[in-house]
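What follows is one structure encoded as structure tokens, with my remarks underneath.
Protein chains in written order, with the numbering used here: chain P, 10 to 304; chain E, 512 to 701.
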């Protein structure tokens, strides 16, 4: 594969992800704007949000200055050279940082020193999976720190919530998480949830839910119903855009489930802000983009 | 309503929760490292009296020798809660700009010293970068890194919502209280 082409393709993927919200997110936000009452700060906040989305697209600049954790999800053929891919991804991220599509966002946890390039241990993050096609599907999520900080993991049973090891218990956790987040994760937000798994894979799977579109329907009917129920109830909390109070607190709720140990029952919740930056593309053998995803 | 820095105490004390206002003049970014530095007795390299500190880690790049702001929305303010009351007092701030609101200590400092919490729209990095007309200066760039530095911005009509005022009111504690009641009802019904 042509390394230069691959780098250029990934750089364009980073630019699009940072500067241009996917259509499903934008249309969901538009419906939210229509729902809020005239003259309220909730409506005002969503008007600014829309103005911002348009401005970022027009100027080709980051929607949010916190360009967040850089999460690549790569599905490739069985002979995909993951080390070469990482090298191209790192080069694209470094270039995107120099161009201002990404903020200098990677800090040494011991010294506090910013690497200035977004490269360093744990940044960016790559998830590789083997697919059945000859092409490489690359999905990218940029997730800011404000929303990452309000993520939470519950271990059931939870006495304070009266939450047992069942779906009713899970539902209580999800509503509690939305309440606890208030506007701090840049509401209206999206919940990515994993029921089960261990503590690490639970959070990883909760984030993978953000690869779904807001308009999709969960193939598992039990989870689909739970998603609908949580959306309705969370939006009755009245937290609203930015926590100003209002009708739209959540834009989406996406739930997955993994098996658990008999002794454990984790509910892992990742919160995504309204600036839900998710893009993807299919890259052919030449390293060039053959198709954009989520369009 | 447009307020130009330095803002008088009288103007600040006339503001109420829920008002949408615009700030023109000087604002200074300052987030985790800056607050910690000041709280620990470190000197502030610039006089911020009468203006606002902005919880923001912007994207700023140098183009042809000039700093250009590429994105500049607010960061979550609550992390500065342990330091904010002292920083308001020490620097003579009239405004704290951020997102997500702050706690009781900051609310009390707002009442005592004549300061308000100005909520910028989180994530609106372009709308807010658009009203920065000039980067006047930067401090602690080397020491703290770009997002954590103090950037002195000249702004024109920077839009904010007053969510904590000098009268002891906080929209954040109101919404939190109301939503907690609702949460309890919902949980009881599951």
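The C-beta atom is built at its ideal place from N, Cα and C for all residues, glycine as well.
Residues of chain P with CB under 9 angstroms from residue i, in chain order?
i              : result
residue 572(E) : 107, 108 and 109
residue 682(E) : 50, 252, 253 and 254
residue 657(E) : 112, 113, 123 and 125
residue 615(E) : Chain P residues near residue 615(E): none, gap ~15 angstroms exceeds 9 angstroms.
residue 576(E) : The contacting residues do not exist; residue 576(E) stays about 16 angstroms from chain P at best.
Between the alpha carbons of residue i and residue j, how many angstroms are there, rounded?
i              : j              : result
residue 34(P)  : residue 296(P) : 28 angstroms
residue 654(E) : residue 660(E) : 8 angstroms
residue 144(P) : residue 132(P) : 25 angstroms
residue 123(P) : residue 116(P) : 4 angstroms
residue 266(P) : residue 602(E) : 51 angstroms
residue 1(P)   : residue 605(E) : Past the boundaries of the shown model lies residue 1(P); chain P is included only from 10 to 304, so the question cannot be answered.
residue 523(E) : residue 251(P) : 23 angstroms
residue 705(E) : residue 153(P) : For residue 705(E) there is no data in the structure shown, the boundaries of chain E being 512 and 701.
residue 663(E) : residue 630(E) : 19 angstroms
residue 612(E) : residue 582(E) : 21 angstroms
residue 586(E) : residue 566(E) : 5 angstroms
residue 607(E) : residue 65(P)  : 25 angstroms
residue 233(P) : residue 261(P) : 12 angstroms
residue 637(E) : residue 78(P)  : 19 angstroms
residue 527(E) : residue 622(E) : 12 angstroms
residue 231(P) : residue 39(P)  : 28 angstroms
residue 619(E) : residue 679(E) : 7 angstroms
residue 546(E) : residue 225(P) : 43 angstroms
residue 222(P) : residue 258(P) : 18 angstroms
Report the neighbours of residue i on chain E: residues whose CB is nearer than 9 angstroms to its CB, in chain order.
i              : result
residue 10(P)  : Chain E residues near residue 10(P): none, gap ~31 angstroms exceeds 9 angstroms.
residue 185(P) : 694 and 698
Note down, in chain order, each residue of its chain lying with its Cβ closer than 7 angstroms to the Cβ of residue i, except the 5 sequence neighbours on either side.
i              : result
residue 74(P)  : 112
residue 105(P) : 20, 23, 24 and 111
residue 555(E) : 549 and 602
residue 76(P)  : 27, 111, 112, 114 and 151
Between residue i and the rest of its own chain, which residues show a CB-CB distance below 6 angstroms, the 5 nearest in sequence each way excluded?
i              : result
residue 50(P)  : 253
residue 644(E) : 665 and 667
residue 299(P) : 291 and 293
Which residues in chain E sit within 8 angstroms of residue i, going by Cβ to Cβ distance?
i              : result
residue 57(P)  : 632, 635, 638 and 670
residue 180(P) : 701
residue 282(P) : 633 and 634
residue 170(P) : 698
Indicate whether at least one CB of chain A lies closer than 8 angstroms to the CB of residue i.
i              : result
residue 123(P) : You won't find chain A in this structure, because its protein chains are P and E.
Which class does residue i belong to by DSSP, given the choice of helix, strand or coil?
i              : result
residue 648(E) : strand
residue 528(E) : coil
residue 352(P) : No answer is possible for residue 352(P): it lies beyond the span of chain P, which begins at 10 and ends at 304.
residue 123(P) : strand
residue 224(P) : coil
residue 537(E) : strand
residue 32(P)  : helix
residue 172(P) : strand
residue 84(P)  : strand
residue 288(P) : strand
residue 274(P) : coil
residue 27(P)  : helix
residue 599(E) : helix
residue 626(E) : coil
residue 203(P) : strand
residue 141(P) : coil
residue 232(P) : helix
residue 167(P) : strand
residue 262(P) : strand
residue 471(E) : Coverage of chain E is limited to positions 512 through 701, which leaves residue 471(E) absent and any answer about it impossible.
Can you tell which of the options has the C-alpha that lies nearest to the C-alpha of residue i?
i              : options                           : result
residue 59(P)  : 674(E), 679(E) and 632(E)         : 632(E)
residue 200(P) : 192(P), 218(P) and 102(P)         : 218(P)
residue 309(P) : 227(P), 280(P), 179(P) and 14(P)  : Residue 309(P) lies beyond the residue range present for chain P, which begins at 10 and ends at 304; the question has no answer from this structure.
residue 125(P) : 232(P), 99(P) and 142(P)          : 99(P)
residue 646(E) : 576(E), 657(E) and 580(E)         : 580(E)
residue 269(P) : 175(P), 244(P) and 230(P)         : 175(P)
residue 46(P)  : 81(P), 255(P), 237(P) and 260(P)  : 255(P)
residue 695(E) : 196(P), 184(P), 194(P) and 193(P) : 184(P)
residue 674(E) : 571(E), 627(E), 515(E) and 562(E) : 627(E)
residue 136(P) : 257(P), 214(P), 70(P) and 108(P)  : 214(P)
residue 13(P)  : 61(P), 70(P) and 94(P)            : 94(P)
Could you list which residues in chain P have their beta carbon closer than 7 angstroms to that of residue i, in chain order?
i              : result
residue 691(E) : 188
residue 625(E) : In chain order: nothing, as chain P lies at least about 23 angstroms away.
residue 569(E) : 74
residue 641(E) : 64
Cβ of residue i versus every heavy atom of the ligand ADP: is any distance shorter than 7 angstroms?
i              : result
residue 684(E) : Annotation note on the ligand ADP: not contained in the displayed structure, which lists no ligands.
Ignore the nearest five residues each way along the sequence and tell me which others in residue i's own chain have a CB closer than 8 angstroms to its CB.
i              : result
residue 288(P) : 22, 25, 26, 29, 31, 148, 149, 301, 302 and 303
residue 592(E) : 613, 614, 616 and 617
residue 140(P) : 84, 85, 86 and 146
residue 568(E) : 540, 542, 586, 657, 658 and 659
Find the residues of chain E that neighbour residue i, judging by a C-beta separation of less than 7 angstroms, and give them in chain order.
i              : result
residue 193(P) : 587, 589 and 611
Closer than 8 angstroms by beta-carbon distance: list the chain P residues that pair up with residue i, in chain order.
i              : result
residue 646(E) : None at all; the shortest Cβ gap to chain P is about 14 angstroms.
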